[in-house]
Amino acid sequence: MGLEGTIPPQVSNLSFLASLDLSDNYFHASLPNEIGNCRQLRQLYLFNNELTGSIPQSLGNLSKLEESYLDSNHLTGDIPEEMSNLLSLKILSLFVNNLTGSIPSGIFNTSSLQSISLSANDLYGNLPMDMCDRIPNLNGLYLSYNQLSGQIPTSLHKCAKFQLISLSYNEFIGSIPEGIGNLSELEVLYLGQNYLTGEIPEALFNISSLRIFDLPSNNLSGKIPSSLSHCQELRTLSLSFNQFTGSIPLGIGNLSKLEELYLGINNLTGELPQALYNISSLRAIDLQSNIFSDFLHTDICHKLPALKVINLSRNQIKGKIPSSLSHCQELQIISLSFNQFVGGIPQAIGSLSKLEELYLGVNNLAGGIPRGMGNLLNLKMLSLPFWQSSNSYLQPPSKTPTANSFQQSTQCPTPSKSLLMWAASSAVITIKNKFTGSIPIEIGNLPMLEEIYLGRNSLTGTIPPSFGNLSALKVLDLQENNIQGNIPKELGCLLSLQNLSLISNDLRGIVPEAIFNISKLQSISLADNHLSGNLPSSIGAWLPNLLQLHIGGNDSVEYS
12 MGLEGTIPPQ VSNLSFLASL DLSDNYFHAS LPNEIGNCRQ LRQLYLFNNE LTGSIPQSLG
72 NLSKLEESYL DSNHLTGDIP EEMSNLLSLK ILSLFVNNLT GSIPSGIFNT SSLQSISLSA
132 NDLYGNLPMD MCDRIPNLNG LYLSYNQLSG QIPTSLHKCA KFQLISLSYN EFIGSIPEGI
192 GNLSELEVLY LGQNYLTGEI PEALFNISSL RIFDLPSNNL SGKIPSSLSH CQELRTLSLS
252 FNQFTGSIPL GIGNLSKLEE LYLGINNLTG ELPQALYNIS SLRAIDLQSN IFSDFLHTDI
312 CHKLPALKVI NLSRNQIKGK IPSSLSHCQE LQIISLSFNQ FVGGIPQAIG SLSKLEELYL
372 GVNNLAGGIP RGMGNLLNLK MLSLPFWQSS NSYLQPPSKT PTANSFQQST QCPTPSKSLL
432 MWAASSAVIT IKNKFTGSIP IEIGNLPMLE EIYLGRNSLT GTIPPSFGNL SALKVLDLQE
492 NNIQGNIPKE LGCLLSLQNL SLISNDLRGI VPEAIFNISK LQSISLADNH LSGNLPSSIG
552 AWLPNLLQLH IGGNDSVEYS
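Numbering (this note's numbering), first residue to last: 12 to 571.
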């Protein structure tokens, strides 16, 4: 609505008020104590405001209250014990506030409760082990993003109507209660980011209604239960960042509705089940950092056309990268780094118009870099690595680089209007393989790139002048290749450049003076080439941020 101000205490004069809805406004300050005098109130909707202060104890007087939505505010303090007096309460929603303290145990005596939503606060303490003994109608428990600790209550199975349990991002310890497997109506289970140990009870996968099973970032171990195949409605299976061993159950192929499979960072072994390729609904596969040793199916994208994410990095996958990846036109992320792939990069990858991230580093790849890479206009990360990059997002340069930006007369290309509208993302090309051939000039069409690492390959040819279009570039590393020719004067247009490394190539001619007008440069490494000529005597004034200058091992590079 856009209303603002404070909620007046005179609201208590509305003695017959049954429903109060002031949600999605800009009300601030504290909730007046007088609201507890609205004894006929059944529905209280104050979510999405800017309310501060503590929850009035007087709310405990609203004996007819059935729904209380105070979420998405800035409320502080404890949840009043008086809330336990609301014997008609069905829905308690206080998520996304700054509430502290423990959850009043009396709340779990309110037999009418159907949903408790306290996520994203600073609540701590243990949940009562018998919490479900007296709230049999509870169907939703939202307690994620708090500091709750202790064991998960063994009485959860007594809340037989549970459809959703969310306890992730807390500090729960111990094992997963086996009784959860008796919750025949459960659809969503979030237990990730805790300190849970032990094995997954087989009974959990007997819940045929399960749609989301999310247990990442715990200390769970053992094998993934074969009963997994019983969950015919499963859409998301997330068991990453645990200590699971053994192989992926063959029955996974029975999960015909599975869309997301996250099993990365475990100790899983064996081959990738062929049945996995029968799940045509799969959109994301993340099996990174395991010990899988297999070949990637040559027809992977004929069988899994809906794939958006495939992450098999840090395994022992062999063979060639399938050219059929081009049939996964929805692909946004391909991560195959740190494996044993051989051969070249398939030319067809250049047809993946939605691709944003490509990681192929640290394999045994060889051959040239496909020119089709220049067609990947949505590419943010091209990693063919070893080096780390930041994940920050930056805006486009505030000024268009032109010839007037320089003390010398370098003619810098003016980016097209469409390029200037693009936001620059953290973007990296990092290669440590055995690539040969020249650097495709089309890479200069990727204005999002911030860092290029093509060092330590066997690249030949010249440095493309089109690199001068990369206005967001911060790092250009072409060291230890066989690159020839001159250093293009267009590199002087890279006003964001901080590190330039061209060491150990076959570069000749003079160093363009325009390079020394890039005031952000911190390191210039041109050693071990065949460069000649004089460097400007005023280099120190032009490059106030310069920390390293390496020019040794050239023909005759001197200061003028």
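Cβ atoms here follow ideal geometry from the backbone N, Cα and C, with glycine treated the same way. Remember, predicted model here, so these are calculated numbers, not experimental data.
Rounded to whole angstroms, the separation of the alpha carbons of residue 458 and residue 514 is 25 Å. Judged by DSSP secondary structure, residue 541 falls within the beta strand (DSSP E) whose first and last residues are 541-546. The DSSP-derived three-state label of residue 252 is coil.
One thing to note: residue 449 has its Cβ within 8 Å of the Cβ of residue 470. Across the structure, residue 153 and residue 239 are spaced so that their CA atoms are roughly 25 Å apart. Beta-bridge analysis with DSSP links residue 503 to no other residue. Looking at the DSSP output, residue 368 bridges to 344, 392. In the DSSP secondary-structure assignment, residue 78 is bridged to 54, 102. Among the bridge pairs identified by DSSP, residue 377 is matched with 445. Judged by DSSP in its simplified three-state form, residue 294 adopts coil rather than helix or strand. Listed as beta-bridge partners of residue 519 by DSSP are 541. Residue 194 is classed as buried because its beta carbon has at least 16 other beta carbons within 10 Å across all chains shown.
The three-state secondary structure of residue 531, taken from DSSP, is coil. Taking residue 112 as the centre and dropping the five residues before and after it, the same chain places the C-beta of 89 closer than 6 Å to its C-beta, in chain order.
With a cutoff of 8 Å on beta-carbon distance, residue 182 and residue 159 are scored as near each other.
The Cβ-Cβ distance between residue 118 and residue 95 falls below 8 Å. Partner residues in a beta bridge of residue 318, as assigned by DSSP, do not exist. Burial check for residue 206: the Cβ neighbour count within 10 Å stays below 16, so the residue is exposed.
Shown here for residue 60: same chain residues with a beta carbon closer than 6 Å to its own, the five before and five after excluded, namely 36, 38, 84 in chain order. In the DSSP annotation of this structure, the continuous segment of the beta strand (DSSP E) that includes residue 184 starts and ends at 182-185.
In the DSSP annotation of this structure, residue 494 is not part of any alpha helix (DSSP H), being labelled neither H nor E. Here residue 288 carries a helix assignment [DSSP, helix/strand/coil]. Under the criterion of beta carbons closer than 8 Å, residue 361 and residue 381 qualify as touching, at roughly 6 Å. Residue range 87-89 is occupied by the beta strand (DSSP E) that includes residue 88. Look at residue 63 here: in three-state DSSP terms it is coil, with no helix or strand label. Annotation for residue 40: the continuous beta strand (DSSP E) segment containing it runs 37-40. A direct Cα-to-Cα measurement between residue 372 and residue 116 gives close to 53 Å.
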